[in-house]
Every structure is written in C-alpha cells, then in structure tokens.
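Protein chains in written order, with this note's numbering: chain A, 221 to 379; chain B, 221 to 379; chain C, 221 to 379; chain D, 221 to 379; chain E, 221 to 379; chain F, 221 to 379; chain G, 221 to 379; chain H, 221 to 379.
The beta-carbon is built from N, C-alpha and C at its ideal position, and this holds for glycine as well.
8 protein chains.
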Amino acid sequence: MNKVAIIMGSKSDLPVMQDAIDILKEFGIETEVDIVSAHRTPEYMMDFGKNAHKNGIDVIIAGAGGAAHLPGMVASITPLPVIGVPVKSSNSIDGWDSILSILQMPGGVPVATVALNGAKNAGILAAQILGVKDEKVQVKILDYMSQLKDKVQKMREDL
Amino acid sequence: MNKVAIIMGSKSDLPVMQDAIDILKEFGIETEVDIVSAHRTPEYMMDFGKNAHKNGIDVIIAGAGGAAHLPGMVASITPLPVIGVPVKSSNSIDGWDSILSILQMPGGVPVATVALNGAKNAGILAAQILGVKDEKVQVKILDYMSQLKDKVQKMREDL
Amino acid sequence: MNKVAIIMGSKSDLPVMQDAIDILKEFGIETEVDIVSAHRTPEYMMDFGKNAHKNGIDVIIAGAGGAAHLPGMVASITPLPVIGVPVKSSNSIDGWDSILSILQMPGGVPVATVALNGAKNAGILAAQILGVKDEKVQVKILDYMSQLKDKVQKMREDL
Amino acid sequence: MNKVAIIMGSKSDLPVMQDAIDILKEFGIETEVDIVSAHRTPEYMMDFGKNAHKNGIDVIIAGAGGAAHLPGMVASITPLPVIGVPVKSSNSIDGWDSILSILQMPGGVPVATVALNGAKNAGILAAQILGVKDEKVQVKILDYMSQLKDKVQKMREDL
Amino acid sequence: MNKVAIIMGSKSDLPVMQDAIDILKEFGIETEVDIVSAHRTPEYMMDFGKNAHKNGIDVIIAGAGGAAHLPGMVASITPLPVIGVPVKSSNSIDGWDSILSILQMPGGVPVATVALNGAKNAGILAAQILGVKDEKVQVKILDYMSQLKDKVQKMREDL
Amino acid sequence: MNKVAIIMGSKSDLPVMQDAIDILKEFGIETEVDIVSAHRTPEYMMDFGKNAHKNGIDVIIAGAGGAAHLPGMVASITPLPVIGVPVKSSNSIDGWDSILSILQMPGGVPVATVALNGAKNAGILAAQILGVKDEKVQVKILDYMSQLKDKVQKMREDL
Amino acid sequence: MNKVAIIMGSKSDLPVMQDAIDILKEFGIETEVDIVSAHRTPEYMMDFGKNAHKNGIDVIIAGAGGAAHLPGMVASITPLPVIGVPVKSSNSIDGWDSILSILQMPGGVPVATVALNGAKNAGILAAQILGVKDEKVQVKILDYMSQLKDKVQKMREDL
Amino acid sequence: MNKVAIIMGSKSDLPVMQDAIDILKEFGIETEVDIVSAHRTPEYMMDFGKNAHKNGIDVIIAGAGGAAHLPGMVASITPLPVIGVPVKSSNSIDGWDSILSILQMPGGVPVATVALNGAKNAGILAAQILGVKDEKVQVKILDYMSQLKDKVQKMREDL
C-alpha cells in the first residue's frame, strides 16, 4: 500500500543509504531498493522516474555524492515527492558539492534535501509524508518521537 | 481537507514566503499563514507545533533566516512533514547560516530543506506530498510539469 | 551562591564539554550538568530554560553540534547570559554548521559564542561573568592569567 | 555603578556599534565609548585593557572588522568579560575574516562573540551579564523579552 | 563542417552565454543555439544529447546556474566533449553551487568546466578543440593569442 | 597520430595523474608523460608549451596542486586545448586553492577543468576531443559509455 | 637607489594598485609601473622577471585577480622579494580565487601576500623591506606609524 | 649582521616553524627563536616588538594558529617587515581562521603572509629581503633556485 523507493547512484552509497532502509523497516513501511545512476544509466533513470508513480511508489529517496544530479533529475520527471540525501562520497569536497547540487534546485522542481549523509532522516521524512494519508503511520511517528525523548531521559539518569 | 501552514519568523520574511502561498493557491490548496518566531515567541511556537496535526494541517512550511531555528524546532514537536525555507535575510551571511542551520538536523528529526529563498519550491513540494494521498492534486502537478515544458518550448521558439 | 549550568544535546558531547566542567571546578565554582536536547526533549528544554534563573543558576553554558539550536532556544526563554559552544560532532560539516547556527542569532536574543569545541573558554567566560559580581572570582581569573604567562615563560626556557 | 565600555577600532565602525550604545541606554546602563585601535594604538589598547576593571568598568564590548584583533587582545589583558562584535567593514571578505579572527580564540582567553554586525545583541548580552549581579537589570531583560513577544503578536494581527 | 552547439537552461542565461556565440562567430565557426532545460524538458534534453553527434555537432557548450545539471546530464549521453559554463544566476549562492554541480562529475563522465560566467573561454576552448582537427582554426587561435598580447602592449603604452 | 601530453608539477602528483595515463592507454591513445614545474622550471615550461603543437601533441593534460599555475600558464602559450586537473596535494586547503587557481582563468585563456583529483575524467575528455577528428576514437567512447551502463546493471543484479 | 616595481595584469587593476604607488611616493621611494599579464604576455613576463634585479629593482609588487598567476610566476624567476596583491576583479568569486592562487605557493617559491585589494599595505611592506637596508626609510616608517596613532587620537577627540 | 627572529605563540607550533629555521641555516643567516604569545604574554610581545629593530633584528617571522593575532600585533609596533605563517593548529578550522586573521590586516599595518604551514617559504622570503641589502645572500637565492630546477630535472630523468 505504502511504498518508498530508495535509489542511489552506486553500490558504494549503500552503507550510507542503509539507514533509510532500516528506519522504514522499523516503521513497517515497504521499500524498494535500486541502483540508478544519473550519469551512467541516464535512460534507465528516465524510465524509473517517469513510471514510479504508476508502479505504486509514494515517495522516492535518492542518494548521491559529488555533482549529485540523481535527486534533481528524478524530481524533474515524477509528480512524487523526492527526498535527496547528499552523500559525502570519496570524490566529494567535504560534502559541499553533494549538498549544493541537490539543494539548489531551480523554481518549479523541488527536492526535499536532508543533512549530509542523513539517510535516516530521509526515511523518517518519507514516513511523515506517508503519515499525511495514513494515520497509523503518523501514530508510529509520534511513538518514535516519544522514544527519542526516553533515550535522552535515560542518558540524563546515566550521567 | 488539504491544508498547508506557512509560518515565518518575521513579517520581513513575507516577500520571500509569498511565493509558497501563491503557488499553493494556484494548486487550489488551502493555506494558513502565521508569524511564529522561535526566538521571540518560543512558547507560541511550541503550542503551534504540538497542535498543528490536530488542527487539520497536513504539511508545515517554515521560513527563517540567519541562525534559523524555526523549521527544526517545529519539526521536533510535530509528526507532520516540515519543509524548511532558508531565507537570505538582512542578518544572514550570504545565506550559508540559514541553509546550514535548517539542513543539518540531527538523526531523528528531519526538515525537508529547499533552496535558498526557494519558497515556490516549498509550495510545490507541499503539493507533491498532498498528492500522495489525493490523486487530484497529483494530476495538477503533472499539469504543472507540462506547463514548465511548454514555457521552455515557447522560449525556444522566441530565440 | 555562584552556579553555572552546563547543558548539552547528547552524552556524546560530554568529552568536549568536560573542559568547561573542569576549569570551573578549578575556579571553585559550582556546576550543574544536564543533557537537554532541543530536538528530542523540546519541552524539557523549555522548562529548564524558563526556570534556570529561579533555580539559582547564574550562567548557562550550552554545547551542541550540527544544526545546533540548543543555545539559541535556551537564550530565547531565559534572562541569563547563555554561552554557546559549537561542537564539531560527527554529523557536522567541519564545524561550520555548528558555528553559524549558534553565532548568527537575530537581534534581541544573544548567545555568547566561543570557538569550535571551545568548552574550556566557555568555562572561563562564565567565571569572568561571575567575577563581575564576586571579586574573589575576579582575583582567581587574574591568577589564572598569571599562570598562563608563567607557562609560556617556562616553554621559552625549555627551548 | 554598572558600566559597559564600548570600544571600536575606528570611527567608521560607529554606525554598527551605535546599536549597542542605544540598547544599553534603553536599559538605563551607563556606557563609555572610545576608539581603541589594536593596530594603530597598540599601547593605548594595552593601557585601556589593563586598567578597565580598575576604572569601574564591568563589561567590555569591542567591535572590529577584517583581521579583527581588538576583542582578543583586550581579552588577553583584562579579567573582565569581553564581548566581540565582528564588523563587516569595507576591507572584510563577506565578514568571514572578522568572525573567525574574533571567535577562534585559543584556550585560556575567551571572547564572547555575537553575530556579524550584532552590536545590539552585544548590548543585550552585557545587560544580561550585569543582570547576574543586579536583579533590577534582570527584570528589565524579562520586560524586554516580553516586548519582543508583543511585537510578534502585533505583526500577527497585522497580517 | 565545424559546428558547436550552445545550449542553456533558460533564456535568462543568454546574456552570459552570448559571449560564447560572439567569439565563435569571430573565429568563423558555425554555432547552433538552443534552450534545453534539464529540469523542465528532461526528455528533450535526452533527445538532444543522444543525437548531437549524429547531427553534425562537434562540441557542446552548456551553461546553467544553481544546481546546474544540464552540462553533466548531456555529457552522460553524448560521446562529444561537453564544455560547462557555471552561470551566476539569480538563484545561485555566489556561484558556488553552479561551479560545484558542473565541475565535480564522477569518474567516467567528464565536463570541461570553465570559470564562473566564462562563456567567452568556453567558445575559445571549443575553437581549440576544433583546431585539433582543422589547422585553419588553430592558426586563428594563434592569431587571437597574438592580438591579446598586442592589447596589453597597447595598455602599456597608454599608461 | 593522436597524442596526449600528461604533465604535472611534481612526481608526487603521479599517483593521481596515473589514472589519465591508464584510461588513455585503455583507449589506445599515445601518451607522453613529463614533469614540468611552473615554479621550479618556468623556462622549461615555456619551451614545452610553445612547442607542444609543433611536436605532434594534440591535447595537454596538466595536473597541479595548491596555487596551481601550471595548467593556466601552459594554456597561455599554446593553441592546443589544455585540460587542468586540480590535485589535492599535501599543501592544499581541502583542494579549494587547486580548483580556483585552475578554473578561474581570465577571458581569453581557457583551461578545461575537471573535478578534484579527476585525472581519469581528464583522460576521457582528451579522448572525446580526439574523437572529434577521429571517428574510431569516438566509437571507443561510445563503447566505454556502454560498459559504464553494464557495470551499473551488474551492481543492480548483485543487490 | 631604492626602486619598487609595481606590475599588474591589466589596466583595470590600476584603481586598486594606485594605493601602492601613492604610499611609496609619500615615502619618497621611486616606483616603476607596468602592465605585465601572465596569461596574455607570458614571454614579456619572463623577461621582466628575469631581469628585474639587474635593472635596479629591489622589490616587486604584483597585483592580479581571479586565477592570479602573475605574482607567483614572477616569484619563480626572480631572486627579489615579490609582494602579491589579490585583486577582487570583476571575474573573481568574492576574492577567494585571487587570494588562494597567490597565497598558496609551493615550498621553495614564496609570495608575500597582503589583504584583498591591500595595495596600500603592499607599498608599506615594500618600504619596510627597503628600510632593512636604508635607515632613512625605516625612520619614515616610524613616522608613519606615529601618524596612524595621531589619527586615532584625533578620532577619539572628535567623538 | 643579518638576523631573522622566528617567533611563535606556542611550543606546539615549533614542528611547523622549524622549516623556517632550517632553510635560514642553509642560507647561513643567523636566527633567533622565541616563544611569544599574543594572548598569554601580551606585554612581553609588546616589549619584543618595540625593541626588535634596536636589537639587530632585520626581519621577523611570526607563526600562529586559530585567531592568530601574533603577526599582526607585532607588525603594529615594529618598523621591520613581519612575515606571518598561518599554522593549521589543532584548534584551527581547516586553517581558514589562521589565514584570514593574519592576511586581512587593515590599511597601514601590513603582514607578509605565506601559505598555510608555509614556514619554509617564510624563511626564503626573509632571505630574499636580506638579499636586497646583501648581494651575497641574493647570490645564494639564485643558487637555491638553480637547485630547485635541478631537482625537477632529476625527477624527469627518474620517470
């Protein structure tokens, strides 16, 4: 019913992107993981992007590093919300290139950008988006927020 | 039915944030506009944030400049998706402070950040999020994408 | 009599913030250490901030990394001086996000920002502030300055 | 009784630094304004710094631009809290030089740095520091915070 | 025979990109100018890129601003050399986003990047590339270099 | 017939620049490797640059770090296309100095800049340039692009 | 006897570089002004640099903007001290490129870099260097320092 | 006869500054090494600076990191040329603070800044300055330049 696609430009991005997969699993949300490279498989990327909303996908999470074009290019061909994860890959200048080439999209084509390597937050954001239509997911997010609070409370007691 | 709250730290952010209001109006989506200052009305911000999802709001767009805490703080108390608009306000260092203090949220509390002064894209992203639950909105976004294409086609002919 | 609260967003900030605790101990000033997370325990943060001056606290030192909202948010609800320590945490972009989101507060709500990871200086600054009302503390600071000079003198002899 | 010195490297910094003078006047706190140049009058700076606490000054606010050495140098010779205001002067690279050369003080010699051109906040911070010893000043700060809230409330009504 | 395509994301980039057209005209090289938007006409961009080398084009010059994906995306689908011109457009952060999202291409897909707003140099570089196969063009470049020298000589005499 | 010169300021740049040599070998293109230091052998650099096009060289790849003057200086004395590789050498500030001193050439003297440490892409770009005159090279580039696609396809199957 | 050459890449740098000429005139030091472009007149630059110390020049001041190679290249062929002035020219990215490509010279070839647009300081530094051999110049510098102090004293009285 | 003082803020800067001592020894120039801390021994710094030219010192090399005030403060009280070495110390933000707080001196008080950690170049620059008055030193510099060339020639042969 609820489905989030998690795509990335290379398998080398998987260690970072795994956090998105894990947190969505924790929320009980179905994920579909794929390697989609803007620069090496541009045509597959176009197919993927154009058909995502027809294939039952609700939200797309796209991670990429360096001159990171994947999130913005997918956003240009899908009506779905696209969440961009700037990855601090080996070819990135401290992450600035990844961030700016995902964040600074022109008017008309938004990408919902999260923090550098922030795949976990991308997953939570996808769940929040699904929570807009599915109250059960929203309740899980409220639970998750409650757990965050409890963990800090626990830290405080451990001081 | 579908409602987007557009909040900002000061009335001086309104010229930038108006783009979000306008594009949502264009999509026929109800908006609620408010001044909510993280640093001058922290308690009202807490009330606003905690109750937004109970007050029929689906998505929150928050714009702020400088050490921009409003989007992240509201995100910390609502289960709704929060879209952050870094505003290049008069007290901002070329926008870097606005961007980094909105984008670089810690794990657990995402803010969907758009480009510097990118309020228009914040509005479109809010519509895309609503489109996940409401197919009529998704159709409007597909129409909008089509118009973007036509405008470029028109430019090409005018060359 | 003189009391400084040292708060931080996570236990992982403690290795950096310990320097503030240690130097204040060296000056014989009472400290109160707590974990207060702007994003995970926003309500506790509000309570802490609103009541600090009623609970005998004179100065608040707040450390945080990434999109570091804790110092500025506490500053928005307390009449006490708040000293912000930008922490170069694991999710920080070389510290720039921590610095800018603490330093660039809007007019009306100051945070006294010290250097990246500069918790020791935060402790000394808190002592200097207490020295304004308590001459015995000011004398200790003059002694401390004298020791700094002696250490350099010692280095010179060791060359 | 309570006295704040406001010093700056050049008369050209006065338009920025005036905000500190004005807000302190608003709080009814005595100020002493002087031109003290680290690079053109280094000896006068040393005299000023060494004697400030003997001359009834409680807090020093120092504004400077470019390679801004005044706040840090004064901090090295006074036991008083020194508040540094990075000024975006004509010879400054977008303010980065002013900020970093004031903020990044070595361990042992803190400067309480505020935002770029943030002289108003420097004045409020000085008042907060004086409020630690003088409850009447603290009450004025609480009043000021209340006025900030009212102004936002007024903006909200004017929307 | 020799043909250079000059494409840009929007007509608003034309004032910058005109320099490339003018200098190529000066060298007597045929140009083809088009508006090709990566984000608004992604499918047309794909068509353009895939067919450029079949349509008699030798070199592609692509200008774009902000999250500038056009040069890199075209480079991903053409065997031709692609010269990228980072444009400091109105939505760009001092040009850093334009530069990094064009320059920092991953291994396998180069873009020959020139200076910010450096369309003139893009034109000269295209001519240099054509000079590799066409000696008459190389001779014109040697002439051009000679003229540059003469202009400086003229400046010297005018001192 | 087709020849690419690969020059660098120091032998310590060779580990980075080797990628250009390797990929050109893979394309069957002849290379000539040399150490040419702008700052230590300026006269040899001038000789090299002035004569390159007379010595059968078609394209020059120049790698350098820090205040990297080699690519731009060679470009000032040759009619050939010069590809600049910013090297993140030990004396470089995160690569920013290398990038800016290669990329930001004045109007009249272009350098085709690739990503930081992007020697592989410099090699591919040189091949693309040679492909403009030699269809056999262009076919090899099309093959190479096809291989890139296959590798991603393989990654996808391995997920 | 004492002679300082002031060179710059273009006549458009003269308004900035004039400050060096003026201050040296004030110190009674002979100057020689020339346009020497690293990229447009590389051979003349080589001649100029190699012969400067034979032509009675003691110190070279070189100003340039963008990818500013003039100071470093001249330094590579002269035994004289070279002072580099980063110019914030129209093609410069806020001056960062000018600064880094002048400052970050490799070991072996120093350039004495002054502040962005700091031609006045370049002139004073040249005078200080000449003061090492000529006590009369050193006395003039001591006088100049005294005048700086007096000007601040005057500002103080005017407050 | 010729004497260069090499001062630094802390013994921890010695590993970087040793390069200046070594190269000056290589040139046969007398050095005087001292620890002079702007922030911990400001009065000793003033004494040192005011008397340096009376104590037979010709050139001062000053190294410091973070908010590096030593070079600029010494420059404010001596008529001698001061060479500043930005040190990338443990408390420095990638060296940017060290560079900017040394380089961006206000008009009237120059510091001859060299590259980050560029103590070797500081030593060579000091020798070049002494070469202005002492031809024997200038000859040694010409020799040194010749050796640099030979080393590159050797590298070339070893390829």
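Cβ-Cβ distance between residue i and residue j below 8 Å
{"i": "Gly-351 of chain H", "j": "Pro-235 of chain G", "result": "no"}
{"i": "Ala-342 of chain G", "j": "Ala-225 of chain G", "result": "no"}
{"i": "Gly-304 of chain A", "j": "Ala-346 of chain A", "result": "no"}
{"i": "His-289 of chain A", "j": "Ala-258 of chain A", "result": "yes"}
{"i": "Ile-280 of chain G", "j": "Ile-313 of chain G", "result": "no"}
{"i": "Ala-284 of chain E", "j": "Val-307 of chain E", "result": "yes"}
{"i": "Met-330 of chain H", "j": "Ile-344 of chain G", "result": "Just to set this straight, residue 330 of chain H is Pro in the shown sequence, not Met. Taking 8 Å as the Cβ cut-off, Pro-330 of chain H and Ile-344 of chain G qualify as a contacting pair."}
{"i": "Arg-260 of chain H", "j": "Leu-244 of chain C", "result": "no"}
{"i": "Val-372 of chain H", "j": "Ile-255 of chain F", "result": "yes"}
{"i": "Ile-349 of chain C", "j": "Pro-301 of chain D", "result": "yes"}
Cα-Cα separation between residue i and residue j, rounded to whole angstroms
{"i": "Pro-326 of chain G", "j": "Asp-267 of chain A", "result": "49 Å"}
{"i": "Val-253 of chain F", "j": "Ser-321 of chain F", "result": "22 Å"}
{"i": "Gly-324 of chain H", "j": "Arg-376 of chain G", "result": "A quick correction: the sequence has Gln, not Gly, at residue 324 of chain H. Their Cα atoms are separated by approximately 24 Å."}
{"i": "Glu-263 of chain A", "j": "Asp-378 of chain A", "result": "54 Å"}
{"i": "Val-294 of chain D", "j": "Lys-353 of chain A", "result": "59 Å"}
{"i": "Ser-232 of chain A", "j": "Gly-328 of chain B", "result": "24 Å"}
{"i": "Lys-274 of chain F", "j": "Lys-223 of chain F", "result": "12 Å"}
{"i": "Lys-270 of chain H", "j": "Pro-291 of chain D", "result": "21 Å"}
{"i": "Met-365 of chain E", "j": "Val-359 of chain E", "result": "10 Å"}
{"i": "Asp-370 of chain D", "j": "Asp-363 of chain D", "result": "11 Å"}
{"i": "Asp-278 of chain E", "j": "Thr-251 of chain E", "result": "10 Å"}
{"i": "Met-265 of chain F", "j": "Lys-374 of chain H", "result": "15 Å"}
{"i": "Lys-356 of chain B", "j": "Ser-230 of chain E", "result": "30 Å"}
{"i": "Ser-309 of chain C", "j": "Trp-316 of chain C", "result": "11 Å"}
{"i": "Ile-361 of chain C", "j": "Asp-242 of chain C", "result": "15 Å"}
{"i": "Ala-282 of chain D", "j": "Asn-337 of chain H", "result": "30 Å"}
{"i": "Gln-238 of chain E", "j": "Asn-311 of chain G", "result": "16 Å"}
Residue i - partner residues in DSSP beta bridges
{"i": "Asn-377 of chain D", "result": "Checking the sequence, you will find Glu at residue 377 of chain D rather than Asn. The partner list for Glu-377 of chain D (beta bridge, DSSP) is empty, contrary to what the question assumes."}
{"i": "Val-305 of chain B", "result": "B:Gly-283"}
{"i": "Thr-211 of chain C", "result": "Summary: the structure shown does not reach residue 211 of chain C, with chain C confined to residues 221 through 379, and so no result is reported for it."}
Limits of the unbroken beta strand (DSSP E) element including residue i
{"i": "Ala-225 of chain C", "result": "223-228"}
{"i": "Asp-254 of chain C", "result": "250-255"}
Residue range of the alpha helix (DSSP H) that includes residue i
{"i": "Met-293 of chain D", "result": "290-295"}
{"i": "Gln-348 of chain H", "result": "339-353"}
{"i": "Gln-238 of chain G", "result": "234-246"}
{"i": "Asn-271 of chain B", "result": "262-271"}
{"i": "Ile-322 of chain C", "result": "316-323"}
Minimum Cβ-Cβ distance from residue i to chain J less than 8 Å
{"i": "Lys-231 of chain D", "result": "Checking the listed chains, one finds no chain J in this structure; the protein chains it contains are A, B, C, D, E, F, G and H."}
To be precise: take each residue of the segment 252-267 of chain H, compare its Cβ to all Cβ atoms of chain C, and keep it if any distance is under 7 Å. Which residues remain? Cβ contacts with chain C come from Val-253, Asp-254, Ile-255, Ser-257, Arg-260, Thr-261.
Beta carbons nearer than 8 Å to chain C: which residues of the segment 328-341 of chain D have them? Correct list: Gly-328, Val-329, Pro-330, Val-331, Ala-332, Thr-333, Val-334, Ala-335, Leu-336, Gly-338, Lys-340, Asn-341.
- Of all the residues that make up the segment 287-311 of chain C, which are near chain B by a beta-carbon distance shorter than 7 Å? Contacts with chain B (Cβ-Cβ distance below 7 Å) from the segment 287-311 of chain C involve Ala-287, His-289, Gly-292, Met-293, Ser-296, Ile-297, Asn-311, listed in chain order.
Residues of the segment 312-328 of chain C whose Cβ lies closer than 7 Å to any Cβ of chain H, in chain order:
Residues passing the 7 Å Cβ filter: Asp-314, Gly-315.
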